[in-house]
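Student:
Numbering (this note's numbering), first residue to last: -18 to 358.
(1) Is it buried or exposed for residue 2, if we count other Cβ within 10 angstroms and need 16 for buried?
(2) Between residue 52 and residue -11, what straight-line distance do the alpha-carbon atoms span, to the nearest angstrom?
(3) Starting from the Cα of residue -13, find the closest Cα among -6, 9 and 69 and give me that residue.
(4) Per DSSP, residue -14 forms a beta bridge with which residues?
(5) Quick one: give me the first and last residue of the alpha helix (DSSP H) that residue 251 is part of.
(6) When you compare only the Cα positions, how much space is there between residue 122 and residue 32?
(7) How about residue 135 and residue 149: are their beta carbons less than 8 Å apart?
(8) Checking the sheet assignment: what are the DSSP bridge partners for residue 44?
(9) Using a 10 Å radius around the Cβ and a threshold of 16 neighbouring Cβ atoms, would you call residue -17 buried or exposed?
(10) Taking 7 Å as the cut-off, does the CB of residue 143 come closer than this to any heavy atom belonging to the ligand PLP?
(11) Using a Cβ-Cβ cut-off of 6 Å (strictly less than) and excluding sequence neighbours within five positions of residue 236, which residues of its own chain qualify?
(12) Do residue 264 and residue 152 have their beta-carbon atoms positioned less than 8 Å apart in this structure?
(13) Which complete alpha helix (DSSP H) runs does the region 76 to 131 hold, if anything under 4 residues is left out?
(14) Helix or strand or just coil, what does DSSP make of residue 140?
(15) Can you grab the Cα-Cα spacing for the pair residue 155 / residue 215, in whole Å?
(16) Tell me which residues share the same chain as residue 36 and place their Cβ nearer than 7 Å to its Cβ, disregarding the 5 neighbours each side in the sequence.
(17) Below 8 Å on the Cβ atoms is my contact criterion, and I expect residue 159 with residue 328 to pass it. Report the Cβ-Cβ distance as a whole number of Å.
(18) Where do the ends of the alpha helix (DSSP H) carrying residue 11 lie?
(19) With DSSP as the reference, label residue 150 as helix, strand or coil.
(20) Could you tell me the distance, in whole angstroms, from the CA atom of residue 78 to the CA atom of residue 229?
(21) So who's on the other strand from residue 256, going by DSSP bridges?
(22) Quick one: Cα of residue 306 to Cα of residue 90, how far?
(23) Throw me the rounded Cβ distance for the residue 147 and residue 184 pair, which I believe falls under 8 Å.
(24) Does the Cβ of residue 172 have 16 or more other Cβ atoms within 10 Å, making it buried, or fewer, making it exposed?
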């Protein structure tokens, strides 16, 4: 039996872009829908919007559920019943609700009659919606995290029902491919033996200072190492520039690229040897997923989502959070391993566990696990 799935997104695009432009700006909006559809589901996406409308692409129907123009905020206004009514009109077998920060809307979705799977997108158990989650999520049938361990803070605070089935499903995947390393280096101009790539905001959570201290230590063994940093947020830029001014040798091996257009990230991933991430916390880790898609060996923080994405350390190295010396040792170790064999192993792992076909299969398994013949209203 073909399952009829409704995926619900409550984050509103305040710029009121046309559907094609919205999909380009928010690639994950269509990515998981396409994955589920390709796996055999009949998918309708309900997107909270300022402008109503309907759009169909690659077999998926997108319905833009209008919210009042006066309502502000990152949710579907104060009108959760609009989402509930839109779900009822589709008559789904399963509702896939994106995000743990919309308890009113999840409650309305549950009232529509179909079992509800809520998927985490980097929510915090102590967040703004925490006090309402127990009520809003009381009747959900399942919840998905990138790693099971990420559910524990929510369960301890009774924000998720113990009766809900727990699934491990990454938030999304990537269409990046390995490509030719030498051609990519010529195209983007990076170099180094090894060349490291770091991507993220310059903030405390992404922890770039630990990365720089680790690189400084590794340079004693790897004098031709260079690290290339693509970033958007600049909260710690002043501290980083001060560190580099105080250490000219380190500064000669650190390249601050600033904001890089997304298509160019694929070229950087193809050109570099190791992907380094020092994050303290990640809901999933899109930059890591893109790096793995290109076959890059990861040297990353030992956090739940990264463990899950790398097969619990089967790829590259997991490093204790904030430990610059351990990071340096891991960089040195991974840099001395055969590069081509490592790339092939990483890409094989990606295709088996993280590609869109794999994500679609994981979603379908979760949908089937919570669907029952009597759920359709």
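For every residue, glycine included, the Cβ atom is placed at its ideal position computed from N, Cα and C.
Tutor: Taking the definition as stated:
(1) Position 21 of the chain shown, counted from the start, is the residue given in the question as residue 2. Counting the other Cβ atoms within 10 Å of the Cβ of residue 2 gives fewer than 16, which makes it exposed.
(2) On the chain shown, residue 52 is found 71 positions in, with the first residue counted as 1. On the chain shown, residue -11 is found 8 positions in, with the first residue counted as 1. Annotation note: pLDDT 49 at residue 52 (below 50); position unreliable, coordinate value reported separately. Answer to the nearest angstrom: the Cα atoms are 19 Å apart.
(3) The residue given as residue -13 occupies position 6 in the chain shown. Among -6, 9 and 69, the Cα nearest to that of residue -13 belongs to 69.
(4) Residue numbering aside, residue -14 sits at position 5 when the chain shown is read from its first letter. DSSP output for residue -14 lists 24 and 75 as bridge partner(s).
(5) Looking up residue 251 in the chain shown gives position 270. From DSSP, the alpha helix (DSSP H) with residue 251 extends over 243 to 252.
(6) Your numbering for residue 122 matches position 141 in the chain shown. Your numbering for residue 32 matches position 51 in the chain shown. Between residue 122 and residue 32, the C-alpha separation is close to 31 Å.
(7) In the chain shown, the residue the question calls residue 135 occupies position 154. In the chain shown, the residue the question calls residue 149 occupies position 168. It is not a contact, given that the beta carbons lie outside the stated cut-off.
(8) As a working mapping, residue 44 is identified with position 63 in the chain shown. In DSSP, residue 44 forms a bridge with 27 and 35.
(9) If you number the chain shown from 1, residue -17 lands on position 2. So residue -17 ends up on the exposed side.
(10) In terms of ligand content, the structure shown is empty, and the ligand PLP therefore cannot be addressed.
(11) Walking along the chain shown from the start, residue 236 turns up at place 255. Taken in chain order, the residues that qualify are 209.
(12) Translated into positions along the chain shown, residue 152 becomes position 171. Translated into positions along the chain shown, residue 264 becomes position 283. A contact, by the Cβ cut-off of 8 Å.
(13) With a minimum length of 4 residues, the continuous alpha helix (DSSP H) runs that stay inside the region 76 to 131 are 84 to 91 and 111 to 117.
(14) For the purposes of this step, residue 140 is taken as residue 159 along the chain shown, with counting starting at 1. Reduced to three states, the DSSP call for residue 140 is coil.
(15) Counting from 1 along the chain shown, the entry for residue 155 is found at position 174. Counting from 1 along the chain shown, the entry for residue 215 is found at position 234. The straight-line gap from Cα to Cα measures roughly 26 Å.
(16) As a first step, residue 36 is located in the chain shown; it is residue number 55 there, counting from the start. Closer than 7 Å at Cβ, skipping near neighbours: 0 and 43.
(17) Numbered from its first residue, the chain shown carries residue 159 at position 178. Numbered from its first residue, the chain shown carries residue 328 at position 347. Contact holds; Cβ gap of about 6 Å.
(18) Here residue 11 corresponds to residue number 30 of the chain shown, with the count starting at 1. 8 to 19 is the extent of the alpha helix (DSSP H) around residue 11.
(19) Residue 150 sits at position 169 when you count from the first residue of the chain shown. Coil, per DSSP.
(20) Taking the first residue of the chain shown as 1, we reach residue 78 at position 97. Taking the first residue of the chain shown as 1, we reach residue 229 at position 248. Answer to the nearest angstrom: the Cα atoms are 50 Å apart.
(21) The sequence position of residue 256 within the chain shown is 275, counting from 1. In DSSP, residue 256 forms a bridge with 178 and 279.
(22) Translated into positions along the chain shown, residue 306 becomes position 325. Translated into positions along the chain shown, residue 90 becomes position 109. Distance between the alpha carbons of residue 306 and residue 90 is about 48 Å.
(23) Taking the first residue of the chain shown as position 1, residue 147 is located at position 166. Taking the first residue of the chain shown as position 1, residue 184 is located at position 203. Wrong, their Cβ atoms sit about 30 Å apart, outside the cutoff.
(24) Locating residue 172 in the chain shown gives position 191, counting from the first residue. Result: exposed.
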